[in-house]
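Okay, so here's the structure we're looking at.
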Amino acid sequence: MAASASSAINLSIKPSHTSFSWKTHLSSTSALAVSPISGHRQYPRFVIYAVGDKPTVLVAEKLGEAGVNLLKEFADVDCSYNLTPEELCNKISLCDALIVRSGTKVSREVFESSGGRLKVVGRAGVGIDNVDLAAATEHGCLVVNAPTANTVAAAEHGIALLTAMARNVAQADASVKAGKWLRNKYVGVSLVGKTLAVMGFGKVGSEVARRAKGLGMHVIAHDPYAPADRARAIGVELVSFDKAIASADFISLHMPLTPATNKVLNDETFAKMKKGVRIVNVARGGVIDEDALVRALDAGIVAQAALDVFTVEPPKDSKLVQHENVTATPHLGASTMEAQEGVAIEIAEAVVGALKGELAATAVNAPMVPAEVLSELKPFVALAEKLGRLAVQLVAGGSGVKSVKVTYGSARGPDDLDTRLLRAMITKGLIEPISSSFVNLVNADFTAKQRGLRIAELRSLLNGSPESPLEFIQVQISSVESKFASALSDSGEIRVEGRVKDGIPHLTKVGSFEVDVSLEGSIILCRQVDQPGMIGKVGSILSEGNVNVSFMSVGRVAPRKHAVMAIGVDDQPSKEILKRIGEIPAVEEFVYLKI
Ligand SMILES: NC(=O)C1=CN([C@@H]2O[C@H](COP(=O)(O)OP(=O)(O)OC[C@H]3O[C@@H](n4cnc5c(N)ncnc54)[C@H](O)[C@@H]3O)[C@@H](O)[C@H]2O)C=CC1
Ligand SMILES: O=C(O)C(=O)COP(=O)(O)O
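Quick note on full-length UniProt numbering: the sequence shown kicks off at 1 and runs consecutively.
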């Protein structure tokens with residue numbers, strides 16, 4: 001029998017180092033642990049606790065003291081700044097979490113070098129363009145960021161650059177310090193009544209807009225994803241990209257660096273701008289084609305630029321930063337005392353939470369499931385994984401599982417039930433017993449795809465009360481042979497179905513047979529000719545082997561015909577005991593399944 005599942009391999013996030021001792025906090029039948037930090041989400045089996053040894057967190061860039069102290073309460077903290085990429089790769093295999101700011105490239109090599117130990121990357125700030133998210137996801141590593149604590153700091157820096165640029169503050173300051181007094185050279189431009197185009201109307205962009213309105217500017221914004229009511233509430237008109245850049249006297253950039261925004265300001269778009277436009281960038285250097293900006297400055301299309309961020313930091317292109325119409329700061333947007341303390345605490349809490357198995361609200365590469373939805377789904381999440389485990393153990397050795405159909409029976413409408421977590425747990429149940437992969441919410445879909453496993457989800461809309469999110473979950477594996485023929489449905493798929501009863505997952509259907517056995521411990525499924533005394537016979541063999549029976553149920557087609565007996569057992573029966581059950585003359589087939 002191929003069943004190799006045990007609670008020991010149920011860890012989704014598990015260390016690869018034998019010297020590092022962790023144990024599951026949950027038994028294989030527990031669902032969700034109680035979160036020590038309220039308001040955070042916890043996922044079953046993703047919860048791990050250190051015994052003796054603490055996890056190690058590498059802080060690779062300067063982090064506020066409050067955050068470091070918070071980390072130290074839970075982990076060994078290694079603050080090593082200015083590591084070369086090679087040094088980072090060498091160190092990472094000894095670390096469970098890594099915290100960075102914008103100055104560290106967390107490349108695919110970093111994840112590969114971690115040997116599976118790195119479980120969380122915390123970005124102490126907003127932009128995650130320096131983290132290879134695809135590689136993180138493929139390695140089952142959660143990425144969290146701290147998206148809110150530096151918003152105001154970045155917006156204030158944007159306004160500081162806007163006003164300083166308009167009044168030549170930096171250039172005038174340098175000339176005074178050089179002993180000059182050039183009152184005519186540094187005549188500026190006024191902001192009041194001018195049009196400011198905010199490109200990217202998110203957290204920072206909207207705060208910049210609010211402040212710019214306070215300065216008497218006419219503010220428009222371009223953001224293809226921003227809700228119009230948010231803009232309206234601040235008195236900002238959302239416009240197209242072309243309209244924004246063509247009508248602006250000032251342009252302030254606040255979008256993330258993505259393939260779509262890479263070099264979005266370039267020769268072509270500069271040519272569409274008003275002559276003499278002024279540009280502020282506190283977003284990411286990569287959203288501007290820097291060579292094109294130098295050309296636009298030289299041509300007078302762009303009168304001035306104030307830049308906090310550069311394609312390569314520190315910038316190599318001295319032509320741009322040395323340009324007399326450019327004001328430059330060394331990526332200082334988030335650098336206020338207040339923001340850095342806030343960011344440090346925000347990221348430390350998220351990383352500690354993630355190491356404890358909670359999925360922080362700021363996860364970047366995992367689906368977010370609101371806490372209230374999670375608490376409702378809790379018992380079904382356990383059921384989902386167990387059904388996946390049972391179904392795959394019913395597959396006869398050698399036949400590859402490629403196509404799985406999951407049916408959720410629910411009285412709720414399709415939009416009222418978020419099944420991502422259930423699908424991830426079914427995937428985990430299907431894959432882990434037959435592979436060395438570990439599957440969690442981060443990598444479930446990726447791992448399934450990589451193995452060529454297609455999971456189709458269907459809804460069966462039931463009448464009844466939508467109070468409970470689900471009535472049943474059915475898992476079917478098609479195009480495989482089963483080692484327990486009775487598990488095949490009429491249409492030839494392996495089929496198991498379960499329900500939650502009094503908060504406990506139950507197996508309620510195998511193939512076409514109705515059974516009822518709680519999914520705790522392990523299960524023996526046994527098809528026999530329905531006749532008196534069978535329960536007694538099997539029961540007494542098990543008791544002779546000192547195997548405690550927790551549950552027994554018989555499902556039959558019709559009296560005195562075939563029946564399937566499902567027996568829940570607390571202990572693993574020996575081979576000898578299983579053999580004796582198989583030798584009972586009325587037993588036609590049987591299988592032992594670990595849950
Ligand atoms: N210089 C610094 O130290 C700091 C820089 N930042 C950067 O500022 C930027 C904005 O940060 P937040 O406002 O916190 O992020 P956010 O996610 O709240 O806002 C970004 C906005 O950009 C929009 N957007 C996405 N693609 C767009 C496109 N093609 N065109 C126009 N808008 C688009 C999004 O819809 C979103 O509303 C990020 O790049 C971040 O990395 C943030 C903090 C400090
Ligand atoms: O939060 C962001 O996106 C920033 O750019 C801030 O970067 P930093 O943490 O100061 O390196």
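Note that beta-carbon positions come from the ideal geometry of N, C-alpha and C, so glycine has one too.
Assign residue i to buried or exposed, taking buried as 16 or more other Cβ atoms, counted over all protein chains shown, within 10 Å of its Cβ.
| i | result |
| --- | --- |
| R278 | buried |
| T427 | buried |
| V57 | buried |
| M337 | exposed |
| Y43 | Here Y43 scores only 41 on pLDDT, less than 50, and its place in the model is too uncertain to base an answer on. |
| V547 | buried |
| R389 | buried |
| N365 | buried |
| L458 | exposed |
| D502 | exposed |
| Q304 | buried |
| residue 598 | Because residue 598 is not part of the residues shown, which for the chain are 1 to 595, the question remains open. |
| D229 | exposed |
| A136 | buried |
| D249 | buried |
State the DSSP-derived secondary structure class of residue i, mapped to helix, strand or coil.
| i | result |
| --- | --- |
| C79 | strand |
| E520 | coil |
| A170 | helix |
| K14 | Low confidence applies here, because K14 scores a pLDDT of 32, under 50, leaving its location unreliable; read the following figure in that light. If DSSP states are grouped into helix, strand and coil, K14 belongs with coil. |
| N145 | strand |
| residue 601 | Outside the modelled stretch of the chain, which goes from 1 to 595, sits residue 601, for which no answer is possible. |
| M255 | coil |
| V343 | helix |
| R230 | helix |
| S30 | Residue placement at S30 is poorly supported in this model, since its pLDDT is 27, which falls under 50; the coordinates are not used for a value here. |
| L593 | strand |
| G582 | helix |
| N90 | helix |
| N262 | coil |
| I426 | helix |
| V587 | strand |
| H40 | A caution first: H40 carries a pLDDT of 37, below 50, which makes its placement in the model unreliable, though a value can still be read off. Coil at H40, not helix or strand. |
| R459 | strand |
| E358 | strand |
| N281 | strand |
| R389 | helix |
Please tell me whether, using a cut-off of 6 angstroms, the distance from the CB of residue i to the nearest non-hydrogen atom of ligand 1 is below it.
| i | result |
| --- | --- |
| S223 | Reading off the sequence shown, one finds Asp at residue 223, where the question assumed Ser. Within the cutoff, so yes. |
| M165 | no |
| D229 | no |
| M337 | no |
| D308 | yes |
| R284 | yes |
| A212 | no |
| P330 | no |
| P469 | no |
| A244 | no |
| M273 | no |
| V204 | yes |
| A226 | yes |
| G200 | yes |
| M255 | yes |
| A396 | no |
Say yes only if the C-beta of residue i is nearer than 6 angstroms to one or more non-hydrogen atoms of ligand 2, and no if none qualify.
| i | result |
| --- | --- |
| S102 | yes |
| V126 | yes |
| N184 | no |
| A334 | yes |
| N281 | no |
| N262 | no |
| N150 | yes |
Flag residue i as yes if its beta-carbon sits less than 7 angstroms from any beta-carbon of chain C, otherwise no.
| i | result |
| --- | --- |
| V120 | No chain C is present in this structure, which holds just one protein chain. |
### Task
Examine the Cβ distances between the segment 136-147 and the segment 172-181 and report whether three or more of them are shorter than 8 angstroms.
no
#### Entry: Inter-stretch contact at 8 angstroms, needing at least 3 Cβ pairs: the segment 417-434 / the segment 506-523
no
### the segment 353-362 / the segment 475-488 touching (three or more Cβ pairs under 8 angstroms)
no
### Query
Do three or more CB pairs link the segment 331-349 to the segment 57-67 at distances below 8 angstroms?
yes
### Message
Using a Cβ distance threshold of 8 angstroms, determine whether the segment 150-165 contacts the segment 129-138, with at least three qualifying pairs required.
### Response
no
### Message
If contact is defined by three or more beta carbon pairs under 8 angstroms, each pair taking one atom from either stretch, is the segment 307-316 in contact with the segment 280-296?
### Response
yes
### Task
May I ask you to verify whether the segment 88-108 touches the segment 232-239, counting CB pairs closer than 8 angstroms and requiring at least 3?
no
### Message
Check whether the segment 240-247 and the segment 205-222 are in contact - that is, three or more C-beta pairs closer than 8 angstroms.
### Response
yes
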